[in-house]
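Going letter by letter, the sequence shown gives residues 2 to 385 in this note's numbering.
Glycine included, every Cβ here is placed at the ideal spot set by N, Cα and C.
Each remark here refers to the structure printed beneath this line.
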Amino acid sequence: MRYREPFTLYLRKLPSGKKIWYYQTYDDNNKRTSGFSTGKKSKTAAKAYCFDLLKKDLLIPERRTKLLFEDYSKNWWDWEKCEYLIYTRKRKNLTQSYAKTSMGVMNNYLIPVFGKKEIKEIKSYEIEKWLDSLSGKGLSNTTARFYLAIFKIMLKEAVRRDILKVNPADSVMPLKDDTVRRGVLNQDEVTAIFNYEERGEIWDDELSYYANLLSACTGMRMGEILAVRGECLMSDYIRVDKQFKERYGLCDTKSHYAREVIIPEQLMTVLKEYSERNNGGYVFSKSGGKRPMDQRSLRDRLNKAMKNIGIDDEERRKRNICFHSWRHYLNTTMRSNNIMDGKLRAMVGHSSQEMTDHYTHFNKDDYKDIQKVQNKIINFEKVG
């Protein structure tokens, strides 16, 4: 196939008598365009000018309008106005909290650095330098990786809209993962913190005690526990269909699907008592079921309970123990008691959609082995 030059030059004499080199190129429909002035008197200068435009994909004048990154960012991550969110939400599940967080990243870390730059002029090397600078701001590598992912999405969308030919962030290597492994309480500590007879001395209130116990027995996330309403309490299991976020209220679970979680009978009895007191509203509530207790209060009470069994703040931070650690504890405990990984993933919500479908038809008898281990936790028997 014969090679075709991306542009052709020709000399044109203006009415003033001045001679200027013009060029023609091809539009998106592969048709030759009209001539455009280079403003150059020599062919060498005109050719250099055209090659520079070619490199920037600006041979066609309509593409030369500068688009600054801050202008491109207008309406980005706005739940109702962002073109990317509107397009993507038709194809997969997204949450408002994710959009809100991403908007914060853009406003605080992207626009201050790249806002005044033409989007086509953003280079991979500049993105690398920006990424490396984040650690100097006290951010972890894990956080910086997330910020880079937000930037990549925005630039990838620019490619989809034909604003960019290539995404300059694609070649940027993320910083190494420095996620700190989550710590867990050992079994003696779990026995101590859930000592029923001493719960009044260890915990500020019974509500926090049972919220933590529920998480330890089921691996439910804090937001999922706070979202439990009376309608979620079945005869012998909880239907985990939502999570509660203080800014947005009830939202989809992290996996965007509901699951059914078996719990010990005596714990279910307590939860149904709370439900009756709260008129079928939120179970873990201090407002009569109208709204669940706040997350900060639940965290603070757990931290205080750990202090009361001998785990001070310094040790807690060093071991990286928090409410989410109950998920790790539950997984460790169940696996050490030979519960099948597939069944465990379905219970805690880490399964693939195929695995979820497999466990959709809930049968209590299928989960007797899980309930047996749960009863060891709640009855303070030795596990493992």
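Cα-Cα separation, K44 to D179
55 Å
Rounding to the nearest angstrom, what Cα-Cα distance links L215 and P265 in this structure?
Each residue's alpha carbon lies about 9 Å from the other.
Is the beta carbon of S337 less than 7 Å from the beta carbon of R183?
In this structure, S337 lies away from R183, with their beta-carbon atoms at least 7 Å apart.
Residue ranges of each alpha helix (DSSP H) run of no fewer than 4 residues wholly in the stretch 112 to 166, ordered along the chain?
112 to 115, 125 to 135, 142 to 161
Pick helix, strand or coil for R320, following the three-state DSSP scheme.
helix
Would you identify the three-state DSSP class for S172, choosing helix, strand or coil?
coil
Nearest CA to the CA of D301: which residue from Y73, W22, D205?
D205
With DSSP collapsed to three states, give me the class of T333.
helix
Which runs of the alpha helix (DSSP H) at least 4 residues long sit entirely within the stretch 282 to 308? Give them in chain order.
none
Starting from I263, follow the beta strand (DSSP E) in both directions and report where the run begins and ends.
260 to 263
Boundaries (first-last residue) of the beta strand (DSSP E) holding C252:
For C252, the enclosing beta strand (DSSP E) starts and ends at 250 to 252.
Could you check what DSSP says for G36 in three-state terms: helix, strand or coil?
coil
Alpha helix (DSSP H) segments (min. 4 residues) lying fully within the stretch 6 to 78:
44 to 56, 70 to 73
Secondary structure, alpha helix (DSSP H): runs of 4+ residues fully inside the stretch 175 to 200:
188 to 194
Using only alpha-carbon positions, find the residue among L234, G311, Q296, D242 that is nearest to Y275.
L234
Let me confirm a value: Q375 is counted as buried when at least 16 other C-beta atoms fall within 10 Å, else exposed. Which label applies?
buried
Taking C-beta to C-beta, are Q97 and W77 nearer than 7 Å?
no
Compare the Cα-Cα distances from Y11 to each of M294, C51, D253, N30 and report the closest residue.
Closest by alpha carbon: C51.
Reducing DSSP to helix, strand and coil, say where R240 ends up.
strand
At the level of alpha carbons, what is the spacing between F363 and E261?
Caution applies to F363, whose pLDDT of 39 falls short of 50 and renders its modelled position unreliable; the model cannot decide the point.
Euclidean distance between Cα positions of L60 and R33:
Spanning the two alpha carbons is a distance of roughly 12 Å.
What does DSSP give as the partner residues of K246 in its beta bridges?
G250
Supposed close pair M294, K287 - CB separation, criterion 8 Å
5 Å
Would you check if the distance between the CB atom of V284 and the CB atom of V229 is smaller than 7 Å?
It is a contact, given that the beta carbons lie within the stated cut-off.
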